[in-house]
Amino acid sequence: MTPSRALLVALLLAMQGIAGCAIGPARETGFLDRSVSIDGSAHRYQVYVPAAYRADVAWPVILFLHGSGESGTDGLLPTEIGIATALRRHPERYPAIVVFPQTPSSTSGNAVTARIALAALDKTLGEFNTDAKRVYLTGLSMGGSGAWYIAYRHPERFAALAPVCGWVAKIDGESASIVAPGESPYEALARRLGRLPVWIYHGGSDTVVPVDESRKAFAALKAAGGDARYTEIAGGNHNAWDAAYQGEDLPAWLFKQSLRKPE
70 MTPSRALLVA LLLAMQGIAG CAIGPARETG FLDRSVSIDG SAHRYQVYVP AAYRADVAWP
130 VILFLHGSGE SGTDGLLPTE IGIATALRRH PERYPAIVVF PQTPSSTSGN AVTARIALAA
190 LDKTLGEFNT DAKRVYLTGL SMGGSGAWYI AYRHPERFAA LAPVCGWVAK IDGESASIVA
250 PGESPYEALA RRLGRLPVWI YHGGSDTVVP VDESRKAFAA LKAAGGDARY TEIAGGNHNA
310 WDAAYQGEDL PAWLFKQSLR KPE
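Going letter by letter, the sequence shown gives residues 70 to 332 in our numbering.
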């Protein structure tokens, strides 16, 4: 090889090296396995990272809580229902990082769910470039009750809430709110949530969680001057989540919401 050709090759290799450094390693996307340690015990969960994720952009985050059938310790079952199905079918509607914590058992209760879910959320917020003003909370059935529960205790953390066929009053589990003497759990919830934007979904013929749970919560929120919407699926049974998550309206509304300053 002549000296001039050797110099040319060296320059090309150097340029490729510089380009590679500028671009940096590709970030893994899709459904990613993660775990978080609580009191020395590891809890598996998954994080969905959009294919278009870039570390120089602050991304919205959705915390999704599964139903009783997805309880366990594998960290995988929560990604087989609800918003996970929508992510696979309509990823363009959800330009966000989505956290999928898992409750160990359907009898673990909302307090356990909340602790695991918030730990997974906090770890995700630290791992990725996220927008603290656009963190959203949603869940279905048991996870819908868990979403009410977490929102009641930490309304300042979320820009919007979307409970799907969940309950507020005690139904074979913990109440989603702390009730003062003479106060209904729905009134207690509405008092705590204030102006937090809420969109509730429920099937009108739900045989698992009474539709009155969502009707009463919505009525209490509106009576208290809350920013609430309610979609009741006429004739719909317990699976209200496909209509909620796979439609265009909920994600479009969700991503318009931003954390509000306390009034």
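Every residue gets a Cβ at the ideal spot worked out from N, C-alpha and C, and that includes glycine.
1) Sort out for me which residues DSSP pairs residue 115 with in a bridge.
2) Between the C-alpha atoms of residue 127 and residue 227, what's the straight-line distance to the nearest angstrom?
3) Please state whether the Cβ-Cβ distance between residue 224 and residue 269 is less than 7 angstroms.
4) Is it buried or exposed, residue 157, if we count other Cβ atoms within 10 angstroms and call 16 or more buried?
5) Give me whichever residues DSSP pairs with residue 270 in a beta bridge.
6) What are the boundary residues of the beta strand (DSSP E) that includes residue 328?
7) In whole angstroms, what is the alpha-carbon distance linking residue 318 and residue 324?
8) If I measure Cβ to Cβ from residue 286 and keep anything under 7 angstroms in the same chain, skipping five residues before and after, which residues do I get?
9) Helix, strand or coil for residue 323? Go by DSSP, reduced to three states.
10) In three-state DSSP terms, what is residue 201?
11) Take residue 413 and list the residues in its own chain whose beta-carbon comes closer than 6 angstroms to its own, dropping the five residues that flank it on each side.
12) What residue range does the beta strand (DSSP E) around residue 131 cover?
13) Can you tell me whether DSSP reads residue 206 as helix, strand or coil?
14) With a threshold of 16 other CB atoms inside 10 Å of the CB of residue 161, please say whether the residue is buried or exposed.
15) With a Cβ-Cβ cutoff of 7 angstroms, do residue 114 and residue 169 count as a contact?
16) Just the Cα atoms here: how many angstroms apart are residue 206 and residue 328?
17) Quick one: Cα of residue 245 to Cα of residue 179, how far?
18) Just to confirm the assignment, what range does the alpha helix (DSSP H) spanning residue 218 have?
19) So, at 8 angstroms on beta carbons, what are the nonlocal neighbours of residue 338 in its own chain, with the 5 sequence-adjacent residues on each side left out?
20) Quick one: residues in its chain with C-beta nearer than 6 angstroms to the C-beta of residue 293, no 5 flanking neighbours on either side, listed in chain order?
21) How would you label residue 308, buried or exposed, when you count the other beta carbons within 10 angstroms and need 16 or more for buried?
22) Could you tell me the boundaries of the alpha helix (DSSP H) in which residue 147 lies?
23) Could you tell me the distance, in whole angstroms, from the CA atom of residue 248 to the CA atom of residue 282?
24) Cβ atoms of residue 262 and residue 212: under 7 angstroms apart, would you say?
According to the structure data:
1) 102, 169
2) 16 angstroms
3) no
4) exposed
5) 233, 300
6) Taken as a continuous stretch (DSSP letters only), residue 328 belongs to no beta strand (DSSP E), as it is neither H nor E.
7) 10 angstroms
8) 237, 255, 258, 269
9) helix
10) strand
11) Because the chain spans 70 through 332 in this model, residue 413 falls outside it and cannot be assessed.
12) 128-134
13) strand
14) exposed
15) yes
16) 12 angstroms
17) 8 angstroms
18) 211-222
19) Examination of residue 338 is not possible in this model, given that the chain is present from 70 through 332 alone.
20) 259
21) buried
22) First-last for residue 147: undefined, no H or E at that position.
23) 16 angstroms
24) no
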